[in-house]
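Add 1 to the 1-based position in the sequence shown for the working numbering, that's all there is to it.
Step one of this worksheet: look at the structure below.
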Amino acid sequence: MRIGVYLAHPRPGSFNHAVFDAVVDELRGRGCQVFAHDLCAEGFAPLLAADETGTVQSAPGAHDPQVALHREEVAVLDAMVFVHPNWWGMPPAVLTGWVQRVFVPGVAYKLGTAEGEPAGLLKAARALVLNTSDTPAGREEGEFGDPLHNIWSACILPYVGVADVRRVVFRTVTDSSDEARAAWLHQARTQAAALLA
Numbered sequence: 002m003r004i005g006v007y008l009a010h011p012r013p014g015s016f017n018h019a020v021f022d023a024v025v026d027e028l029r030g031r032g033c034q035v036f037a038h039d040l041c042a043e044g045f046a047p048l049l050a051a052d053e054t055g056t057v058q059s060a061p062g063a064h065d066p067q068v069a070l071h072r073e074e075v076a077v078l079d080a081m082v083f084v085h086p087n088w089w090g091m092p093p094a095v096l097t098g099w100v101q102r103v104f105v106p107g108v109a110y111k112l113g114t115a116e117g118e119p120a121g122l123l124k125a126a127r128a129l130v131l132n133t134s135d136t137p138a139g140r141e142e143g144e145f146g147d148p149l150h151n152i153w154s155a156c157i158l159p160y161v162g163v164a165d166v167r168r169v170v171f172r173t174v175t176d177s178s179d180e181a182r183a184a185w186l187h188q189a190r191t192q193a194a195a196l197l198a
């Protein structure tokens with residue numbers, strides 16, 4: 002099974018890094034071919050160029066070899082895992098830019114179908130989103146309506162053809178104990194392994 006694992010956190014040693022490492026280790030230990038990307042460490046450029054903004058025609062080949070590689074990889078994945086913090090109810094800019102530059106027409110979706118609806122092109126059947134947050138669950142849902150749920154489960158992943166979207170939030174991280182973090186890492190491994198079922 003081919004799985005892409007994407008980390009979006011700029012600070013080495015963050016808990017997000019620990020989650021990413023645990024997921025990659027678990028999946029490789031189960032025999033998966035893992036495409037592991039620490040987007041910040043790799044210097045992924047999130048800024049969408051003007052010639053990358055077409056929506057109807059198939060996207061031209063990427064001029065950036067890093068973007069071209071990511072587009073080639075997502076086209077063959079069976080599943081994806083995204084690890085990132087909740088910043089202002091959004092993924093960090095590097096991951097937002099990754100979505101905009103990689104999930105392009107002709108790679109991740111197509112418009113102009115006979116039904117008039119976009120058609121997802123990715124073969125990945127499942128995705129797992131692992132978020133960290135310092136906002137208590139009640140406040141997140143009551144005041145903000147859990148925007149990350151809407152972003153991943155309504156706006157992005159179904160649009161590109163991923164029907165099974167799973168999400169786990171580890172909260173609150175800043176004041177968490179070593180025991181809580183160990184339990185969360187175990188949960189991240191368990192959720193990653195469940196992608197294979």
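We put the CB at the ideal spot given by N, CA and C, even for glycine.
All figures in this text were calculated on a predicted structure; none of them were measured in a lab.
Mind pulling the alpha helix (DSSP H) runs of 4 or more residues that sit fully within the stretch 112-188?
148-151
Could you tell me the alpha carbon to alpha carbon distance between residue 97 and residue 180, rounded to whole angstroms?
As a first step, residue 97 must be located in the sequence shown, where it is residue number 96. As a first step, residue 180 must be located in the sequence shown, where it is residue number 179. Cα-Cα distance, rounded: 31 Å.
Roughly how many angstroms separate the alpha carbons of residue 54 and residue 178, rounded to a whole number?
Translated into positions along the sequence shown, residue 54 becomes position 53. Translated into positions along the sequence shown, residue 178 becomes position 177. Going from the Cα of residue 54 to the Cα of residue 178 covers about 44 Å.
Please return the same chain residues whose Cβ sits closer than 6 Å to the Cβ of residue 171, not counting the five positions on each side in sequence.
By 1-based counting over the sequence shown, the position of residue 171 is 170. Cβ within range, chain order: 133 and 185.
Whole angstroms are fine: how far does the CA of residue 121 sit from the CA of residue 28?
Reading the sequence shown from its first residue, position 27 is the one you call residue 28. Reading the sequence shown from its first residue, position 120 is the one you call residue 121. In a straight line, the C-alpha of residue 28 is about 25 Å away from that of residue 121.
Endpoints, the beta strand (DSSP E) within which residue 85 is located:
Locating residue 85 in the sequence shown gives position 84, counting from the first residue. First-last of the beta strand (DSSP E) with residue 85: 80-86.
Limits of the beta strand (DSSP E) - the one that residue 64 falls within:
By one-based count along the sequence shown, residue 64 stands at place 63. Here residue 64 belongs to no beta strand (DSSP E), and DSSP marks it neither H nor E.
From 142, 137 and 156, residue whose alpha carbon lies closest to that of residue 173:
Taking the sequence shown and counting its residues from 1, one reaches residue 173 at position 172. That would be 137, whose Cα lies nearest to the Cα of residue 173.
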